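Heads up: the sequence shown begins at 25 in the numbering used here, then just goes up one per residue.
Backbone N, C-alpha and C define an ideal beta-carbon position, used for all residues, glycine too.
Treat the numbers as computed from the prediction; the structure is a model and nothing was measured.
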Amino acid sequence: MLDPGQQQATQYSAFISYSRRDSRQARWLQTALESYRMPQRLVGTPTPLGPVPGRFQPVFLDLSELTAAPDLLNELAQALAASRYLIVLCTPNAAHSEWVNREITLMQETGRGDHILTALFEGDEHSAFPPALLNIAGNHQPLAADFRKEGDGRRLALLKLVAAMSGVGLGELVHREENRRTRRLMVVATACLAGMAAFGGISLYAMNARAQAEAERRKSEAMVNRLVTDLRGAVKPAGNLAMLEQVNEAAVSYFRGQSLQNMPDAALATRARLLIAMGDDAAARGDFVTARGHFEEAARTTAARLAAAPNDIQRVFDHSQSEYWLGHSAWSAGNPVAARKAWNEYARLANQLVEAQPASAAWHLEAGYAQSNLGVLDLRQNLDVATAEMRIKTALRHYHAALDRDPTNPTILTDIADGLAWLADSQRAAGKLAEARQTRKQQEHVLTAALRAYPDDIELKRILAVNAMATGRIEDAAGHQPEALARFQFARQAAARMVRDDPRNVVLATTERMAMLWEARSRLKLLPASGRPRAGGYTDEIGRCAQPKDNYPLAETEDWCRLVHARLALMNGDRAAARALLDTVAESRLKPGAPRLSARFGLDYAGEINELKHMEANRP
Numbered sequence: 025m026l027d028p029g030q031q032q033a034t035q036y037s038a039f040i041s042y043s044r045r046d047s048r049q050a051r052w053l054q055t056a057l058e059s060y061r062m063p064q065r066l067v068g069t070p071t072p073l074g075p076v077p078g079r080f081q082p083v084f085l086d087l088s089e090l091t092a093a094p095d096l097l098n099e100l101a102q103a104l105a106a107s108r109y110l111i112v113l114c115t116p117n118a119a120h121s122e123w124v125n126r127e128i129t130l131m132q133e134t135g136r137g138d139h140i141l142t143a144l145f146e147g148d149e150h151s152a153f154p155p156a157l158l159n160i161a162g163n164h165q166p167l168a169a170d171f172r173k174e175g176d177g178r179r180l181a182l183l184k185l186v187a188a189m190s191g192v193g194l195g196e197l198v199h200r201e202e203n204r205r206t207r208r209l210m211v212v213a214t215a216c217l218a219g220m221a222a223f224g225g226i227s228l229y230a231m232n233a234r235a236q237a238e239a240e241r242r243k244s245e246a247m248v249n250r251l252v253t254d255l256r257g258a259v260k261p262a263g264n265l266a267m268l269e270q271v272n273e274a275a276v277s278y279f280r281g282q283s284l285q286n287m288p289d290a291a292l293a294t295r296a297r298l299l300i301a302m303g304d305d306a307a308a309r310g311d312f313v314t315a316r317g318h319f320e321e322a323a324r325t326t327a328a329r330l331a332a333a334p335n336d337i338q339r340v341f342d343h344s345q346s347e348y349w350l351g352h353s354a355w356s357a358g359n360p361v362a363a364r365k366a367w368n369e370y371a372r373l374a375n376q377l378v379e380a381q382p383a384s385a386a387w388h389l390e391a392g393y394a395q396s397n398l399g400v401l402d403l404r405q406n407l408d409v410a411t412a413e414m415r416i417k418t419a420l421r422h423y424h425a426a427l428d429r430d431p432t433n434p435t436i437l438t439d440i441a442d443g444l445a446w447l448a449d450s451q452r453a454a455g456k457l458a459e460a461r462q463t464r465k466q467q468e469h470v471l472t473a474a475l476r477a478y479p480d481d482i483e484l485k486r487i488l489a490v491n492a493m494a495t496g497r498i499e500d501a502a503g504h505q506p507e508a509l510a511r512f513q514f515a516r517q518a519a520a521r522m523v524r525d526d527p528r529n530v531v532l533a534t535t536e537r538m539a540m541l542w543e544a545r546s547r548l549k550l551l552p553a554s555g556r557p558r559a560g561g562y563t564d565e566i567g568r569c570a571q572p573k574d575n576y577p578l579a580e581t582e583d584w585c586r587l588v589h590a591r592l593a594l595m596n597g598d599r600a601a602a603r604a605l606l607d608t609v610a611e612s613r614l615k616p617g618a619p620r621l622s623a624r625f626g627l628d629y630a631g632e633i634n635e636l637k638h639m640e641a642n643r644p
């Protein structure tokens with residue numbers, strides 16, 4: 025490896041070795057590397073490779089750098105000696121190029137085989153790697169950045185090269201890129217807001233001719249619809265509530281001051297979709313009262329439109345969405361009766377869609393969602409695991425039917441992953457731990473595949489963290505505490521990274537908090553039965569149970585926190601404190617008609633209280 029002094033003396037950041045038939049890809053790679061700017065806060069930071077550079081300039085490309093010298097091989101050797109890294113652009117053309125193979129050999133002969141990097145653009149390791157690369161053995165196997173669409177893709181592969189050449193961690197660079205993408209989307213949303221203001225001005229002051237006014241009105245409504253659908257669809261995977269709210273504001277500005285009685289039908293439909301989107305965002309930040317208000321207003325609109333044309337498929341779908349969100353809001357507020365009423369109606373409407381158009385993948389998805397929701401109610405409210413499992417398996421059949429009809433739709437994989445999660449939960453509740461573990465593994469495989477295709481999707485990352493926490497609960501139920509602890513730690517760390525990027529998102533924050541509590545509980549269970557844990561250290565790890573309501577409206581974490589503190593108190597011999605905590609949770613969670621499992625995380629408060637009482641009775 026080069027020492028820092030040698031690094032400073034090199035003329036080129038890298039030497040790109042390629043076949044002349046791949047000159048287009050080589051020029052693209054040269055430009056991409058030379059134009060990449062390292063994060064300013066990292067520039068100059070010491071690493072094992074030396075200080076982090078600000079740019080990778082220049083990058084040697086022999087087509088533009090070498091003269092028609094009589095001793096071309098000697099000039100190549102000099103250029104290689106003046107380059108920190110050799111990047112081999114791997115394709116089937118390169119694999120058969122004598123010059124590429126010779127350049128690799130020259131780099132190896134200088135003792136710098138560990139400074140050879142590979143950029144795979146076409147083919148695979150067997151068809152695209154020159155023989156000199158395949159002969160490298162041991163710890164000097166070159167890093168492979170896979171630029172193919174089915175591999176890392178150009179963005180991630182470029183970051184892999186940058187990480188290897190700079191000594192900066194890949195995760196640090198990926199995080200920086202995600203923040204840049206977020207800022208770009210914010211600019212798009214702001215531009216749309218400005219555009220809507222302009223259209224509003226035109227419609228109010230510049231429209232004297234009716235035909236011209238009507239054309240501009242349609243244009244404005246089309247823009248609003250794109251804001252509510254396309255732009256939200258692009259922004260939502262970034263997981264940033266501030267961005268989503270800015271998109272909402274851009275759309276809302278169009279409807280302000282307009283009479284609902286005089287609003288065209290298409291605009292009413294768009295406004296209802298906007299209200300549902302605003303309710304979704306309000307729920308994500310924990311404002312369930314505002315969320316329900318938005319959902320109820322949307323439902324009044326969609327119900328009236330459906331009553332006017334009960335066989336209109338689009339109106340059936342629009343109202344089904346209102347019923348879903350009404351049920352979701354009721355369930356989140358602890359009203360299972362209202363939730364079941366809304367979700368039964370949602371299921372009826374979804375079945376109507378499938379019956380009308382059985383070839384539609386979208387309608388099979390809706391029917392699957394409806395069955396899944398009712399299955400969750402059966403599981404969480406009544407602990408009716410048999411009915412829950414039946415409904416969830418029906419949902420999975422609908423998801424697979426949708427995939428058969430639309431095999432290139434990647435979001436269906438997420439739906440299948442969600443169905444597998446609920447199936448695993450019902451299996452765990454039934455005591456079928458081996459089946460539950462296997463189902464969670466299936467879900468993990470589906471999520472991992474989806475994340476490879478969409479590495480920036482925050483919701484996929486959150487579901488993967490929840491999968492780890494749920495798998496930890498299976499291991500805990502099986503008595504495998506070390507395995508459980510490892511899963512809880514992974515879930516907490518993954519959720520913490522997401523919370524750092526979007527601190528207002530209550531769903532993410534609650535996921536992190538719950539993983540933290542399960543991790544602390546697992547640590548306590550790993551201690552000897554007669555041991556007395558350090559109260560102060562564990563108290564800090566468990567944290568305060570009564571969180572500020574503006575940050576932590578979900579009470580499940582508060583009561584589970586009390587039970588973890590009760591476990592700690594019992595292990596330290598403080599029976600009075602433990603009993604007080606158990607009584608508080610029992611009063612809150614064990615009322616007549618209360619759900620057997622909690623709504624958000626499926627927590628068995630009764631089972632945990634009984635376990636702690638048994639622990640108290642057997643404690644010396």
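Item, Value
"In three-state terms, what does DSSP make of residue 170?", "strand"
"Looking at the unbroken beta strand (DSSP E) that takes in residue 114, where does it start and where does it end?", "107-114"
"Nearest CA to the CA of residue 396: which residue from 379, 404, 415 and 383?", "415"
"I need the DSSP call for residue 312, collapsed to helix, strand or coil.", "helix"
"Going by alpha carbons, who is nearest to residue 390 out of 439, 518, 607 and 557?", "439"
"Taking the straight line between their C-alpha atoms, what separation do you get for residue 617 and residue 529?", "31 Å"
"Tell me the DSSP secondary structure of residue 453 in three-state form.", "helix"
"Going by DSSP, what residues sit across from residue 79 in a beta bridge?", "61"
"Please work out which residues of its chain come closer than 8 Å, Cβ to Cβ, to residue 327, disregarding the five sequence neighbours upstream and downstream, and give them in chain order.", "343 and 346"
"Which of helix, strand or coil does DSSP assign to residue 141?", "strand"
"So the candidates are 459, 543, 602 and 185; which of them puts its Cα closest to the Cα of residue 506?", "543"
"Check the C-beta distance from residue 129 over to residue 156 and give it rounded, since I have them as a contact under 8 Å.", "5 Å"
"Hey, is residue 293's beta-carbon within less than 8 Å of any beta-carbon in chain C?", "Within the model displayed, chain C is absent; a lone protein chain is all it includes."
"Take residue 487 and list the residues in its own chain whose beta-carbon comes closer than 7 Å to its own, dropping the five residues that flank it on each side.", "441 and 471"
"Specify, as a first and last residue, the run of the beta strand (DSSP E) that residue 39 falls within.", "36-41"
"Once you ignore the five residues that flank residue 75 on each side, which residues in its own chain have a CB closer than 6 Å to its CB?", "68"
"Whose C-beta lies closer than 8 Å to the C-beta of residue 636 among residues of the same chain, with five residues either side of it excluded?", "587, 590, 591, 594, 602 and 606"
"Ignoring anything shorter than 4 residues, give me the alpha helix (DSSP H) runs that lie fully in the stretch 323-362, in order along the chain.", "337-356"
"Take the Cβ of residue 59 as the centre, count every other Cβ of all protein chains shown within 10 Å, and call the residue buried at 16 or more, exposed below.", "exposed"
"Are three or more beta carbon pairs between the stretch 422-435 and the stretch 374-385 nearer than 8 Å?", "yes"
"Given this structure, state the Cα-to-Cα distance separating residue 457 from residue 373, to the nearest angstrom.", "35 Å"
"Given that a residue counts as buried once 16 or more other Cβ atoms are within 10 Å of its Cβ, and exposed if not, what is residue 242?", "Below a pLDDT of 50, predicted positions are generally treated as unreliable, and residue 242, at 49, falls in that range; the measurement from the model is reported next regardless. Label assigned to residue 242: exposed."
"Helix, strand or coil for residue 66? Go by DSSP, reduced to three states.", "helix"
"Take residue 127 and list the residues in its own chain whose beta-carbon comes closer than 6 Å to its own, dropping the five residues that flank it on each side.", "41"
"Going by the DSSP bridge assignment, what does residue 84 pair with across the sheet?", "39"
"Rounded to whole angstroms, what's the CA-CA distance from residue 183 to residue 112? Just pull it up for me.", "16 Å"
"Using the Cα positions of residue 508 and residue 541, report the straight-line distance between them to the nearest angstrom.", "13 Å"
"Anyone know if the C-beta pair for residue 51 and residue 85 falls short of 8 Å?", "yes"
"Should residue 572 be labelled buried (16 or more other beta-carbon atoms within 10 Å of its own) or exposed?", "For residue 572, the predicted model reports a pLDDT of 44, less than 50, meaning its position is unreliable; a value from the coordinates is still stated below. By the 10 Å Cβ count, residue 572 comes out exposed."
"What first and last residue would you give for the alpha helix (DSSP H) that runs through residue 415?", "409-429"
"Within the same chain, show all residues whose beta-carbon is closer than 7 Å to that of residue 369, passing over the 5 residues directly before and after it, in chain order.", "347"
"Could you please give the first and the last residue of the uninterrupted alpha helix (DSSP H) stretch that includes residue 614?", "Neither: residue 614 is in no alpha helix (DSSP H) and is coded neither H nor E."
"Is residue 188 near residue 141, with beta carbons less than 8 Å apart?", "yes"
"So what does DSSP say about residue 148, is it helix, strand or coil?", "coil"
"Could you check whether residue 110 and residue 39 sit closer than 8 Å to each other, using their CB atoms as the reference points?", "yes"
"Enumerate in chain order the residues of its own chain whose CB-to-CB distance from residue 54 is below 8 Å, with the five nearest sequence positions on each side excluded.", "40, 83 and 85"
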